[in-house]
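Asks:
Protein chains in written order, with our numbering: chain U, 1 to 345; chain P, 1001 to 1369.
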């Protein structure tokens, strides 16, 4: 089941912005207008959806979500540009999805800048000795040169999988015994509390490692993701992480009386932690108080470690601070769970 | 009929006595809205960057000042050699490194041509691209100042207008999503668990020998959740309006009516799951994995549907939540009326009826055994 999710989820989890539906209102029909349109569609990011006669028509299509951007080229665009050295286009963007709109705007403006430069070069002969100082920018993208979103999401999804499986199973386990009443048998036995809890932890810990292995295999076979760093660091960290998460599940189960409560509470806690872990949105853009919460959130550390080791090839040294934090949390959570579990209540 | 309402009252008492669950049922949408509204943001700001300055002269200092002043970047590391770049990326300490070549001022003033190097961490491709774009615009602005007031000839300006959401608030996209998710979760999960719990505990038999028709027994279980979910819709809308400034541009009653339609669809889904599950665990997993996870993944709430491979896009069309999500977006954010969404409403209505009839039929058969 987690394997199916791991296979399907990265296929869906693609924040890349492409197939931007473009609708053009061309009042000019000049050579430049056509060249610009061709350049935009050739970029691969935009799909020419329709030529419309007026902005109103384009807006109607936008209302039905058929069109993302309406580009309006004014009449005499080419003539104005040549005679008055300046001409203005208007782009209206469907901004319901803010991120998509912002990236769409960035792409469009970049293409426009390029087009502008081409036109300038055609008309203006820059002398060999450049009178204007030009700062060129050479940019390189490291660690993910193919800009593949799947490589970025898969480590994160692995983390979610492991977390949900671990926390839910350990939370439900204890509570089911409470509900069915078999817990009484255990309560009257001479087994010590901490032995009992540890006994519950171990099988799930093993299962967690198995799920992790399965996940890494799927990532390797289906997505071609080979960890750039050492796999040993991954397993080392996951061992500590599983202790922490399973402990959390157990802690929740000591507070719940029915399976329904346990499931809801663990679901709710996990959801809050996943959202505030930097998995979907970056921690840098969070307000101060949220950043504090991410510091006590075990998922934050695991996501960072997975991304560091798999995508950047970080080593044991680099993840040492994360490891220490996770162990610290486990050391707090598990004794708390043991203490909270009352044999006689 | 009076018997029916007595059963409904009994179900209400069950629910009200379980304080913890109630807390979560009401608290979850509130927490989600608050987190999404205040903590999560796709905006790129305060990104940690590193500077490697080989030049150390006037121009590089000016540029560094500009970068420091910008809200997009936070300079956290100053490096002294190329070899440190990789290490500092690997620690996860920075997302972008900017390298100023030696002799920067000399080259710029004498040869009018220098090259700065930007290295960005493309693990998250969108963030990598955005950071490079922002940094480039800061550098370009500075360059334009150096050029002075010589305007470059043949300039094409673009006037960009953001429609429906001029401030690019992320809230506009996720409030409808949170609504769909919470309604689906509460209605399907809670209903299925409630029904299966009675089966598991054996108290279902007691209910069945009562004079009320079996299908009405089941329906009586769903009514409290309908009311609960309706309260949740209202709390989500109130929160979004007062705390997040997300308005309801369209007709409020239309929105509430569509909400009730979707609630009934989710309740039917819950009933369906409970008719095939024998234990509470099975019901829980069935609802979560079979309903909730696909909804989360494929309904367009978290990830854009257009980017998915075609078979998954078909899958997303089967999910009632996808249609509801689009309907809510159209009414709340775009302010459109019924004429724009009648197609989606019809599809949702059809799905609801089908699901309801199938679940009821299934129960008739099962309970008769």
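We treat Cβ as the ideally placed atom computed from N, Cα and C, and that holds for glycine.
With 8 Å as the threshold, decide whether the Cβ of residue 1347(P) is near any Cβ in chain U.
Replies: no
Asks: 8 Å is my cut-off, CB to CB: does residue 299(U) come that close to chain P?
Replies: It does not: the Cβ of residue 299(U) has no partner Cβ on chain P nearer than 8 Å.
Asks: Output the residue ranges of the alpha helix (DSSP H) runs that lie fully inside the segment 238 to 293 of chain U and measure 4 residues or longer, sorted by chain position.
Replies: Entirely contained in the segment 238 to 293 of chain U, the alpha helix (DSSP H) runs reaching 4 residues are, in chain order, 259 to 275.
Asks: Quick check on the burial criterion: 16 or more other C-beta atoms within 10 angstroms. Buried or exposed for residue 1005(P)?
Replies: exposed
Asks: Let me see if you follow: with CB-CB separation under 8 Å, is residue 1101(P) close to chain U or not?
Replies: no
Asks: Per DSSP, residue 139(U) is paired with what?
Replies: 1118(P)
Asks: Report the three-state DSSP secondary structure of residue 225(U) (helix, strand or coil).
Replies: coil
Asks: Counting only Cβ pairs nearer than 8 Å, list the residues of chain U close to residue 1122(P).
Replies: Residues of chain U passing the Cβ test: 141, 142, 143, 144, 145 and 147.
Asks: So if I threshold CB-CB distances at 9 Å, which residues from the segment 1316 to 1330 of chain P count as touching chain U?
Replies: 1316, 1326, 1329 and 1330
Asks: Is it right to say residue 342(U) is buried, meaning 16 or more other beta carbons lie within 10 angstroms of its own, or is it exposed?
Replies: exposed
Asks: Please confirm if residue 253(U) has its CB atom under 8 Å from at least one CB of chain P.
Replies: Residue 253(U) does not count as touching chain P.
Asks: According to the neighbour-count rule (16 or more other Cβ atoms, all chains shown, within 10 Å of its Cβ), is residue 1291(P) buried or exposed?
Replies: buried
Asks: Would residue 16(U) pass as an interface residue toward chain P - the criterion being a Cβ-Cβ separation below 8 Å?
Replies: Closer than 8 Å to some Cβ of chain P, the Cβ of residue 16(U) qualifies, so yes.
Asks: Need the endpoints of the beta strand (DSSP E) that residue 88(U) sits in, please.
Replies: Per DSSP, residue 88(U) belongs to the beta strand (DSSP E) from 86 to 94.
Asks: How would you list, in chain order, the residues of chain U whose beta-carbon sits under 7 Å from the beta-carbon of residue 1042(P)?
Replies: 98, 99 and 281
Asks: Using 8 Å for Cβ pairs, my map puts residue 283(U) next to residue 291(U). What's the rounded Cβ distance?
Replies: 6 Å
Asks: When the Cα atoms are used, what is the spatial distance from residue 1372(P) to residue 156(U)?
Replies: The displayed coordinates of chain P run from 1001 to 1369. Any statement about residue 1372(P) would go beyond what the structure contains.
Asks: Give me the chain U residues within the contact set of residue 1164(P), using Cβ-Cβ distance strictly less than 8 Å, ordered along the chain.
Replies: By Cβ distance, chain U contributes 94, 95 and 96.
Asks: Quick check on this structure: which residue in 22(U), 204(U) and 309(U) has the alpha carbon closest to the alpha carbon of residue 242(U)?
Replies: Residue nearest to residue 242(U) within the set 22(U), 204(U) and 309(U) is 204(U) (criterion: CA-CA distance).
Asks: Answer with yes or no whether the minimum CB distance from residue 88(U) to chain P is below 8 Å.
Replies: Taking Cβ atoms only, chain P reaches closer than 8 Å to residue 88(U), which makes this a yes.
Asks: Could you tell me whether the Cβ of residue 1169(P) comes closer than 8 Å to any Cβ of chain U?
Replies: yes
Asks: Can you list the residues of chain U that residue 1308(P) reaches, using a CB-CB cut of under 8 Å?
Replies: Under a criterion of Cβ atoms nearer than 8 Å, the residues of chain U adjacent to residue 1308(P) are, in order, 11, 12 and 14.
Asks: According to DSSP, simplified to helix, strand and coil, what is residue 1080(P)?
Replies: coil
Asks: Are residue 26(U) and residue 33(U) touching if we call contact CB-CB under 8 Å?
Replies: The criterion of a C-beta distance shorter than 8 Å is satisfied by residue 26(U) and residue 33(U).
Asks: Ordered along the chain, which non-local residues of its own chain (more than five positions away) have a Cβ less than 7 Å from that of residue 143(U)?
Replies: 311 and 312
Asks: Say whether chain U places a C-beta atom closer than 8 Å to the C-beta of residue 1369(P).
Replies: Annotation note: pLDDT 47 at residue 1369(P) (below 50); position unreliable, coordinate value reported separately. Output row for residue 1369(P): interface = no.
Asks: Could I get the ranges of all uninterrupted alpha helix (DSSP H) runs contained in the segment 152 to 215 of chain U, with 4 residues as the minimum, in chain order?
Replies: 183 to 188
Asks: Roughly how many whole angstroms lie between the Cα atoms of residue 1001(P) and residue 102(U)?
Replies: 56 Å
Asks: If contact is defined by three or more beta carbon pairs under 8 Å, each pair taking one atom from either stretch, is the segment 1049 to 1057 of chain P in contact with the segment 1069 to 1088 of chain P?
Replies: In short, these stretches touch, since the Cβ pair count reaches three.
Asks: For chain P, check one thing: does any of its Cβ atoms lie closer than 8 Å to the Cβ of residue 119(U)?
Replies: yes
Asks: Compare the Cα-Cα distances from residue 1173(P) to each of 1196(P), 1223(P), 1228(P) and 1248(P) and report the closest residue.
Replies: Looking at 1196(P), 1223(P), 1228(P) and 1248(P), the one whose alpha-carbon comes closest to that of residue 1173(P) is 1248(P).
Asks: Could you say which of 105(U), 30(U) and 337(U) lies nearest to residue 1161(P) if we only look at CA atoms?
Replies: 105(U)
Asks: Could you check which residue in 49(U), 83(U), 5(U) and 250(U) has the C-alpha nearest to that of residue 199(U)?
Replies: The option with the nearest alpha carbon to residue 199(U) is 250(U).
Asks: So, under 8 Å CB-CB, residue 258(U) and residue 175(U) are touching, yes? Tell me the CB distance rounded to an integer number of Å.
Replies: 7 Å
Asks: Check residue 301(U) in the structure and name its three-state DSSP category.
Replies: DSSP places residue 301(U) in helix when its eight states are reduced to three.
Asks: Does the segment 1170 to 1187 of chain P come close enough to the segment 1232 to 1239 of chain P to have 3 or more Cβ pairs within less than 8 Å?
Replies: yes
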